[in-house]
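One structure is given here, and the rest of the page talks about it.
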Amino acid sequence: MGTRSAARRRDSRNLSWRRAVHFGAGRHVCRRPAPSSRATTGCSFGGPGRPAARMVTAVTSGAAAEKSSEPGGPDEDVAALIPMLRRIVGARVGQHPAAEDLVQETLARVLAAKDRIEPGMIEPYAITTVRNLVATMWRSDDREQRNRHRLHDPNEPHDIEDSVVATEEQSAITEALGRLTEREREVLLAHEVSGRDTRSLADEAGSTAGAVAAQLKRTRARLRVEYLLALEKVEPPTDRCRPVLLALSSADRRRQRELDAPRHLLECDLCARLSAPLLGRGPTREDEVHVPITSDPDIVAARQAARELAVRAGFSGTDLTLLATAVSEVARNIVKFATSGDVTIELLTQPQPGIRVVARDTGPGIPDVDRALEDGFSTAEGLGLGLPGARRLMDEFSIVSERGRGTTVSMTKWFDKKG
Amino acid sequence: MSAGPALVSILRQGDTLVASIHTALDDSEMIRFQNDLVHQIGEHRARGVIIDVAALDVLDSFGSRTLRTIAEMARLRGATTVIVGIQPDVAYAMVQLGMGRMGAHTALDLEEGLAYLSSMRNRRRRAAP
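Those sequence lines, one after another, are chains A and B. Under the numbering used here, the first residue of the first sequence is numbered 233, with each subsequent residue one higher. Under the numbering used here, the first residue of the second sequence is numbered 1108, with each subsequent residue one higher.
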């Protein structure tokens, strides 16, 4: 090993020391080297602010120490320590990548302190130093291990795209916050950012904690919608979009029904896209299944979903088959006449146990609903039994069709009907 | 056909084809089944076809229509079709739906279906000389 390679090793260690200086200042991720490269582990020990000049001394003397073949040099006795130090370090750290660094560091310190050490005491001094260094290394390793989670910021974007995305999200949030009313924003920020509880906010506003909580819930729902709109940089095309999205965001089922939100989602591409993250909100309901219908296999999926739900509700054999057949018919109509639609199946408890199937599509609509309900009337090749048949299979049946907008078929089967 | 258990099986016994539908088929699978079956009638020179629908929990208008189409096509190819194993619930639903008249002969189960086909064969044989 020549002087140059030793110097290079020192350089890299110096570099890692400089990295270690950053440790105290802020985030510093210490990359653990591959076990074979033993030079860069210097960041695990050594204090900040070590003057570079001493490093140079260490380099030269370290190199001199390794060339210990020429006796009589000024640091001969120090160089003689090397085998012993290696033994000590080896016994303590084994094959640790930093082993040789520890030896060199000890030599550097002994050399630096040589003038202060009494003759004959150089060996005990070196032994104590190396022990301390090993202990320091373990200690700082341990500390680093314990504090690693503090150094890691999961929100810190690494790639350039990530940081762009983060910026966009941030500006979307800012814009969304800006679209809230003054009062809403104040309360929301006081609660979410300053961490004030609803009770103290209520006292201030002269209302109750529950009312403040409800208001916060509404504000959050609005914020979600505005955020999504701001992120896409779009204005909703119709004046129904915003209320529908708001109803979805707040998971308000009654309002969704009032607005006929599912139909709007079928019709409005923007809302269908935006609402994806909103749909999962609210408690997932066990008593409702939603099956999108676009192609043949979806028909089977829809009727199986209806069947499973009906079994859970306690329907018996014949009713199950009737229900599944009816679902099959309406789902087939969607595939046959409209390009896309969906079937929603929900269990009812009021006014009596039953199951309701709602099939919506965005097809051309049925020009003459009454005729479509007659047996044998069919525009496509078929028996014309789809709608009238489904009507006979179910207990209640209603159909709403608007030309150019689509058709909604709702039908219900009651559970406790005799027969 | 895709991986997984077979959706249908078509077996030959003598001059009879026994086609069983094992699970709910969607429309395109139904059409494929129809084409396969009609093709195999020619291939095996079958005189009788038994379609076993015992595993189906739903026979909607499309399913019934396809079965009827198969029966018609088989008749034109010179084979008699018997549909066996329609479940009671399915039968009820079909009547409600208005699909009561199948246009093909039906039998309770495979045994009855085979018996019907052999009686038809005997009748034909007696009529022939």
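Ideal Cβ positions, reconstructed from N, Cα and C, are used throughout, including at glycine.
Asked: DSSP state of P524/A mapped onto helix, strand, coil; Found: strand
Asked: Positions along the region 1183 to 1214 of chain B whose CB lies within less than 7 Å of some CB in chain A; Found: D1196, V1197, Y1199, A1200, Q1203, L1204, G1205, M1206
Asked: Test item: CB-CB of Q1203/B and L554/A under 8 Å; Found: yes
Asked: N- and C-terminal bounds of the beta strand (DSSP E) containing A591/A; Found: 586 to 593
Asked: Backbone secondary structure at D1125/B - three-state DSSP; Found: This sequence places Val at residue 1125/B; Asp is not what is there. Reduced to three states, the DSSP call for V1125/B is strand.
Asked: Reference L1207/B, options L448/A, I392/A, G621/A, A437/A, closest by Cα; Found: Per the sequence shown, the amino acid found at residue 1207/B is Gly instead of Leu. The shortest Cα separation from G1207/B among L448/A, I392/A, G621/A, A437/A belongs to G621/A.
Asked: Where the alpha helix (DSSP H) through T639/A begins and ends; Found: Run containing T639/A: none in the alpha helix (DSSP H); it sits in the beta strand (DSSP E), 638 to 646.
Asked: Nearest candidate by alpha-carbon position, reference I314/A, set L461/A, I359/A, R472/A, L579/A; Found: I359/A
Asked: Cβ shell of P524/A (< 6 Å), same chain only, five flanking positions each side left out; Found: D574
Asked: Simplified DSSP assignment, three categories, for R454/A; Found: helix
Asked: Chain-ordered chain A contacts of D1143/B [CB-CB under 8 Å]; Found: The premise fails here: D1143/B is roughly 17 Å from chain A at the closest Cβ pair, so nothing lies under 8 Å.
Asked: Whole-angstrom distance between D551/A and R624/A, CA atom to CA atom; Found: 12 Å
Asked: N- and C-terminal bounds of the beta strand (DSSP E) containing I349/A; Found: I349/A -> no beta strand (DSSP E), and no H or E assigned at all.
Asked: Beta-carbon neighbours of A201/A, restricted to chain B and to distances below 7 Å; Found: A query on residue 201/A cannot be resolved here, the shown segment of chain A reaching from 233 to 651 and no further.
Asked: Cβ-based contacts, 7 Å cut-off: residues of the region 556 to 578 of chain A near chain B; Found: A556, T557, S560, E561, R564
Asked: DSSP state of T399/A mapped onto helix, strand, coil; Found: helix
Asked: Where R1152/B falls: helix, strand or coil (DSSP); Found: coil
Asked: Residue from G326/A, Y357/A, T440/A with nearest C-alpha to R341/A; Found: Y357/A
Asked: Cα-Cα separation, A312/A to R363/A; Found: 18 Å
Asked: Proximal chain A residues relative to D1216/B, where beta-carbon distance stays under 8 Å; Found: In chain order: nothing, as chain A lies at least about 18 Å away.
Asked: Residue from S642/A, P529/A, A604/A whose Cα sits closest to the Cα of I577/A; Found: S642/A
Asked: Expected contact under 8 Å - CB spacing of G1155/B and T1123/B to nearest Å; Found: 4 Å
Asked: One or two residues paired with E578/A in a DSSP bridge; Found: E520/A, R588/A
Asked: CB contact check: S1225/B to chain A, cutoff 8 Å; Found: no
Asked: Other residues of its chain near G1210/B: CB distance less than 8 Å, five sequence neighbours each side excluded; Found: R1175, A1178, E1179
Asked: Proximity test, Cβ basis, 8 Å: F1140/B and chain A; Found: no
Asked: Contacts of D1159/B in chain A (Cβ-Cβ under 9 Å); Found: None at all; the shortest Cβ gap to chain A is about 18 Å.
Asked: CB contact flag (A570/A, G595/A, <8 Å); Found: yes
Asked: Buried versus exposed, by CB contacts within 10 Å (16 or more), G436/A; Found: The question names Gly, but residue 436/A in the sequence shown is Glu. Classification for E436/A: exposed.
Asked: CB-CB length for L420/A against L448/A, believed under 8 Å; Found: 6 Å
Asked: Terminal residues of the beta strand (DSSP E) in which H1212/B lies; Found: 1212 to 1214
Asked: Element boundaries [beta strand (DSSP E), containing L1118/B]; Found: 1115 to 1120
Asked: Proximity below 8 Å, CB of L1132/B to CB of L1118/B; Found: no
Asked: Within-8 Å CB hit, L615/A to chain B; Found: Note that L615/A scores a pLDDT of 49, beneath 50, so its modelled location is shaky; the value from the coordinates is reported in the next line. Answer yes: the Cβ-Cβ gap between L615/A and chain B drops below 8 Å somewhere.
Asked: Alpha-carbon spacing of I531/A relative to G438/A, whole angstroms; Found: 55 Å
Asked: Length of the line joining the Cα atoms of H1151/B and A1186/B; Found: 11 Å
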